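Using our numbering, the first residue of the sequence shown is number 1104, and each one after it goes up by one.
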Amino acid sequence: MMRANTRADMDLREPTDNNGLEGDPVETEPCRRTTHLSRMSFSQFHPLERHPRTGEPHIRLTAPFDRIVITPPRQDDVPHIVAILNDYAVKKWLDGPPFPYLDMHAEEWIAKTKEQSDAVMHELRVANEEYSTGPSVAVSGCPVGCLRGVEEDGSEVFLGAIEFSRCNFPDLLNQQEQERMVARNDSRKRGDPDIVWCIGYYVAAPLHGRGLMSRAVRTLLEAWVVPRMGARQIRVETVIGNHGSIRVLEKLGFRIVDTVRRRKVTSAGELIDGFHVLYWHLSEGRQP
């Protein structure tokens, strides 16, 4: 099995050169065609930038993490995703992904996530035709979520992922109540402030505790999820004992509102005691 190319000593400092990704893409012609090649030209795509090599939408983190870009998934992410999600330091805190995590699981996730990303980009293109100068139109999701480290030679290393989805309230013990809540949440139109969103994320173990995930989640919340998806309330369930994840969320203004004691064995064979439920609402002045 190939190992993910994630190094504990990866340099996350401010880059000393452009690498073709910092700010505007590198332009070799005398005049820079910033209308096409830098920040996506029309307001509906803001603040997405166009990747100079792949043409993908992406968002770059700010210093000291400005060697990190967030993009849609790529097919060659498969071995890196598999390696990360089979790493005990990561999988022990995840209740959802299957274990062992196989190539086919990564391929299915990439296909599903890429389809969702493409759907959001289609919404943006349609909105761009109808509202080419604004106002910004609410969209159904976030088109970028894969964290990549940019190396000195410009190559990129898959580091982890962030997903935003409508909450499915997995902590509710009453199945009928859960189904009712999910159906009501799913029925709301995009941009509805009453939609309850959820976040799922992971990052390669060598990068735990460096502040990368809290910065990445904050960046997507501020740049996209709140202004472009209309998110006003977010609810997250995290395994009891996962102090690292709780720290990430509390840095962003989330607070623990409930603890559900429900012992179970995860797909990775870990016995957990239940979940903490954390919550954030824009009206409480707790914007990330």
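All C-beta atoms in this analysis are idealised placements derived from N, C-alpha and C, irrespective of residue type, glycine included.
Source: prediction; values computed, not measured.
Assigned secondary structure, residue i (DSSP; H/G/I helix, E/B strand, else coil)
{"i": "Val1242", "result": "coil"}
{"i": "Lys1076", "result": "Because residue 1076 is not part of the residues shown, which for the chain are 1104 to 1391, the question remains open."}
{"i": "Ile1375", "result": "strand"}
{"i": "Ile1343", "result": "coil"}
{"i": "Thr1322", "result": "helix"}
{"i": "Leu1385", "result": "helix"}
{"i": "Pro1128", "result": "Residue placement at Pro1128 cannot be trusted, given a pLDDT of 30 that sits under 50; what the coordinates show is reported in the next sentence. Note: Pro1128 maps to coil in three-state DSSP."}
{"i": "Arg1331", "result": "helix"}
{"i": "Arg1170", "result": "coil"}
{"i": "Arg1177", "result": "coil"}
Backbone CA spacing between residue i and residue j [nearest angstrom]
{"i": "Lys1215", "j": "Arg1228", "result": "20 angstroms"}
{"i": "Pro1273", "j": "His1384", "result": "19 angstroms"}
{"i": "Asn1288", "j": "Leu1151", "result": "27 angstroms"}
{"i": "Gln1278", "j": "Leu1374", "result": "22 angstroms"}
{"i": "Met1316", "j": "Tyr1305", "result": "8 angstroms"}
{"i": "Gly1344", "j": "Pro1160", "result": "36 angstroms"}
{"i": "Arg1153", "j": "Arg1366", "result": "45 angstroms"}
{"i": "Arg1177", "j": "Ile1213", "result": "7 angstroms"}
{"i": "Val1351", "j": "Leu1381", "result": "11 angstroms"}
{"i": "Gly1372", "j": "Val1193", "result": "13 angstroms"}
{"i": "Asp1169", "j": "Ile1298", "result": "32 angstroms"}
{"i": "Glu1046", "j": "Val1253", "result": "A query on residue 1046 cannot be resolved here, the shown segment of the chain reaching from 1104 to 1391 and no further."}
{"i": "Ala1186", "j": "Val1368", "result": "22 angstroms"}
{"i": "Pro1246", "j": "Thr1362", "result": "32 angstroms"}
{"i": "Glu1387", "j": "Arg1335", "result": "10 angstroms"}
{"i": "Ile1349", "j": "Pro1200", "result": "19 angstroms"}
{"i": "Ala1166", "j": "Phe1261", "result": "19 angstroms"}
{"i": "Gly1303", "j": "His1225", "result": "24 angstroms"}
{"i": "Ser1146", "j": "Arg1331", "result": "11 angstroms"}
{"i": "Leu1250", "j": "Ile1171", "result": "7 angstroms"}
{"i": "Lys1195", "j": "His1311", "result": "14 angstroms"}
{"i": "Ser1243", "j": "Gly1257", "result": "32 angstroms"}
{"i": "Leu1275", "j": "Arg1364", "result": "11 angstroms"}
{"i": "Asp1190", "j": "Asp1179", "result": "19 angstroms"}
{"i": "Gly1158", "j": "Gly1377", "result": "42 angstroms"}
Element boundaries [alpha helix (DSSP H), containing residue i]
{"i": "His1225", "result": "1206-1233"}
{"i": "His1183", "result": "1181-1188"}
{"i": "Lys1195", "result": "Here Lys1195 belongs to no alpha helix (DSSP H), and DSSP marks it neither H nor E."}
Bounding residues of the beta strand (DSSP E) (the contiguous stretch that carries residue i)
{"i": "Arg1156", "result": "Here Arg1156 belongs to no beta strand (DSSP E), and DSSP marks it neither H nor E."}
For a minimum of 4 consecutive residues, which ranges assigned as the alpha helix (DSSP H) are wholly contained in the region 1245-1315? 1278-1290
Contact the region 1221-1240 vs the region 1315-1322: 3+ CB pairs below 8 angstroms: no
Contact between the region 1200-1213 and the region 1275-1285 is defined here as three or more beta-carbon pairs at a separation below 8 angstroms; is this criterion met? no
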